[in-house]
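Take any residue in the sequence shown, note its place counting from 1, add 1, and you have its number in this note's numbering. Here the structure is laid out as structure tokens; the discussion comes afterwards.
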Amino acid sequence: MAHIPLQNLTIGKFHEGLLKKEFSALEIAEAYFGEIKERDGKIGAYLSANEEEALRQAEAVDVSLAEGDEIGLLAGVPLAIKDNILIKGQPATAASKILKNYVASYDAGVIQKLKAEKAVFLGKTNLDEFAMGSSTENSAFKITRNPHDLERVAGGSSGGSAAAVAANLALGALGSDTGGSIREPAAFCGVVGFKPTYGAVSRSGLIAMASSLDQIGPLAKTAEDAAIIFNAIRGRDPLDATSADGPNGSDKKILEPEFEKIKNLVVGVPEEYFVEGVSEEVKKCVETARKTIESMGVKFKKISLPHTKYTLSCYYIIVPAEVSSNLARFDGIRYARIAHNARTNAGGTRNNAEKIQRDSALSPRMSALEEIYFRQRGRGFGAEAKRRIILGTFVLSSGYYDAYYKKAQQVRSIIKNDFENAFRDVDVIFAPTTPGTAFKIGEKTSDPLAMYLEDIFTVPVNLAGLPSLSLPVREKPARQSLGAGGKEGMPVGFQLIGRQWKDHEILGLGQYYERATAPDLY
Ligand code: GLN
């Protein structure tokens, strides 16, 4: 087998190479498993790999090709899937102890679609437990490290998927984004992350976090690759009542961007997104990217999203409320039971015996069933899941519902209105993806509020249901002189936020920028 430089591969190039018989799908899949075995021990992108089935899937593509069948753009493409998305017969843990032994009994809507395209699934990637977090440090199983600097986080919650793509351990990946979980790790790892319009992609078979915000989307090396994956997974699914095809014609241009029209888009820069607290490094890099796009003929305009400052308080009421209700189904009995004497810490058998004794002391006041729930959930959920279940139950409880939950929903409408007003003047909004670059492992784990602040620029998009594309700043010279805040040379990301159902516009603008700054990718 010829040496295949996986770092130069994109989905487009893979497809071409496959048709020209430069390599087979099997050879590429084997090459990725070789890399995973050699390097993922240090990075920790994957929770489980599924080599046997993946190699069979790849071989089937080679057979189809040999028989002269037409194959689509994703045939044989090795993908990594976040471990909160179900693939029949494979584990789906959501990085939680409570689902440690769960094996999915059906395929998620997106997986059905990718299987129809003959994509290859390399394995399931690490995440913050139930997708709650911004660093993948909340996984019950392991930390995912940033491939650019192993002392730093990969971002989260789709940290495993972002790291897999960045480290050439997968050609593309799926993640989920409730408040930034695709875009933030994409920015930290220097890859492309796309959060589609809410409803554009089915949530069937996605382990729910906050259903009114959750959205599955691609992580990839280029905006073009992200568009190819998005085009395959989007569309109405009868199993998700909130999914839709979108207005007629909104889809046509996803694979063939009309650059002449894209050049005429007017892009807004919100003043509230370039304030104190954003690192100098991020400001400089993002400004460089903005100037590049401007020099390519795109017009920029200052805009205001005046209620940005209420975003996090609104999000961190709505999310725990929905989390507390979605996580109620995990009782440790359905979806695979966790062991009765499961260890909660490294304390050993004696501690366990004492703990069970302590727990049993509760039994006079509890029914046997409640006691099981109490134990299973107490042991099965990690700290962040518990924090949100408790907060969520509180904000939904009678007496507090109006003061917190209802109020937060009203604020959500105001934030949505901000965007609607802005989109009267501009077609796309340009902003940093995160206030800083990838931070050190452990730096923010003891301070949940500092961790929540990472989401300040990504969360508004979810509250408003809009599409957003995070792209790495590609201009090399501008990056070298920097270093303030983060380690010199850590990736910086910026977002292109689009109007609802105008996903194709931001994907097109992203490609326009990439073709100018990273022509070798095309
Ligand atoms: N970091 C955010 C949170 O913890 C976003 C998570 C996500 O998008 N899944 O809620």
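All C-beta atoms in this analysis are idealised placements derived from N, C-alpha and C, irrespective of residue type, glycine included.
Cβ atoms of residue j and residue i: under 8 Å apart, would you say?
| i | j | result |
| --- | --- | --- |
| ALA141 | GLY383 | yes |
| SER203 | ALA386 | no |
| GLU138 | VAL121 | no |
| ASP428 | LYS302 | no |
| ILE72 | LEU80 | no |
| PRO1 | LYS196 | Absent from the model: residue 1. The displayed extent of the chain is 2 to 523, so no value can be given. |
| VAL1 | PRO473 | The structure shown does not extend to residue 1, since the chain spans only 2 to 523, so no value can be given for it. |
| TYR33 | LEU170 | yes |
| VAL62 | ALA76 | yes |
| ASP504 | PHE231 | yes |
| VAL78 | ILE12 | yes |
| ILE217 | LEU175 | yes |
| LYS417 | LEU464 | yes |
| THR198 | GLY466 | yes |
| GLY278 | SER325 | no |
| ILE318 | ALA409 | yes |
| ALA432 | ARG475 | no |
| ALA105 | ALA117 | no |
| GLY206 | ILE86 | yes |
| VAL283 | PRO436 | yes |
| ARG500 | PHE424 | yes |
| ARG389 | MET133 | yes |
| TYR311 | VAL412 | yes |
| ALA209 | ASN327 | yes |
| SER177 | LYS83 | yes |
| LEU498 | VAL462 | Note that residue 498 corresponds to Ile in the displayed sequence, not to Leu. A contact, by the Cβ cut-off of 8 Å. |
| GLU323 | SER213 | yes |
| LYS445 | GLU152 | no |
Does at least one heavy atom of the ligand GLN sit under 7 Å from the Cβ of residue i?
| i | result |
| --- | --- |
| ASP456 | yes |
| SER177 | yes |
| ALA188 | no |
| SER162 | no |
| ALA109 | no |
| MET210 | yes |
| VAL462 | no |
| SER182 | yes |
| VAL320 | yes |
| ALA96 | no |
| GLY134 | yes |
| SER213 | no |
| LEU326 | One point to set straight first is that residue 326 is Ser, not Leu, in the sequence displayed. SER326 Cβ: outside cutoff for every heavy atom of the ligand GLN. |
| SER314 | no |
| SER158 | yes |
Suppose the cutoff is 6 Å on Cβ atoms and the five residues either side in sequence are ignored; what does the same chain contact list for residue i look like?
| i | result |
| --- | --- |
| ILE112 | ILE88 |
| GLY18 | PHE24 |
| HIS16 | LEU74 |
| SER305 | GLU272 |
| LYS253 | none |
To which residues of the same chain is residue i closer than 7 Å at the C-beta, ignoring the five residues directly before and after it?
| i | result |
| --- | --- |
| THR459 | GLY180, GLY181, ARG184, GLU185 and THR434 |
| VAL299 | LYS264, LEU266 and VAL268 |
| ALA187 | ALA163, VAL193, GLY194, LEU220, SER471 and GLY494 |
| LYS114 | ALA233 and ILE234 |
| ALA228 | ILE255, LEU256 and LEU508 |
| LEU10 | LEU172 |
Identify, in the order they occur along the chain, each residue of the same chain with its Cβ nearer than 8 Å to the Cβ of residue i, setting aside the five sequence neighbours on each side.
| i | result |
| --- | --- |
| PRO307 | GLU273 and ASP419 |
| LEU313 | TYR453, LEU454, ASP456, ILE457 and VAL460 |
| GLU130 | ALA95, ALA96, SER97, ASN139, SER140, ALA141, PHE382, GLY383, GLU385 and ALA386 |
| ALA55 | ALA30, PHE34, PRO79, VAL121, PHE122, LEU123 and GLY124 |
| MET297 | LYS264, TYR513, TYR514 and ALA517 |
| TYR103 | PRO92, ALA93, THR94, TYR336 and ALA337 |
| ARG237 | SER203, SER244, ALA245 and ASP246 |
### Task
Could you tell me whether the stretch 505 to 517 touches the stretch 269 to 289, where touching means 3 or more Cβ pairs closer than 8 Å?
Note that the stretch 505 to 517 does not touch the stretch 269 to 289; fewer than 3 beta-carbon pairs, one per stretch, sit closer than 8 Å.
### Task
Could you tell me whether the stretch 45 to 64 touches the stretch 157 to 165, where touching means 3 or more Cβ pairs closer than 8 Å?
yes
### Cβ contact check for the stretch 231 to 249 and the stretch 99 to 113: 3 or more pairs under 8 Å
yes
### Task
Decide yes or no for the touch test of the stretch 321 to 341 against the stretch 220 to 231: beta carbon pairs closer than 8 Å, at least 3 of them.
no
### Task
Report the residue ranges of all beta strand (DSSP E) runs contained in full by the stretch 286 to 328; include only those spanning at least 3 residues, in chain order.
300 to 304
### Query
Along the chain, which unbroken stretches of the alpha helix (DSSP H) at least 4 residues long are found entirely within the stretch 222 to 258?
The qualifying runs are 224 to 234.
### Query
At what residue ranges does the stretch 166 to 231 contain a whole run of the alpha helix (DSSP H), taking only runs of 4 or more?
If only uninterrupted alpha helix (DSSP H) runs of at least 4 residues are considered, those enclosed by the stretch 166 to 231 are 184 to 190.
### Task
Let me know the beta strand (DSSP E) ranges lying completely inside the stretch 88 to 165, each 3 residues or longer, listed in chain order.
Considered as a whole, the stretch 88 to 165 harbours 121 to 126 and 150 to 154 as its complete beta strand (DSSP E) runs of no fewer than 3 residues, in chain order.
### Query
Where are the beta strand (DSSP E) runs, 3 residues long or more, that stay fully inside the stretch 438 to 475, in chain order?
469 to 473
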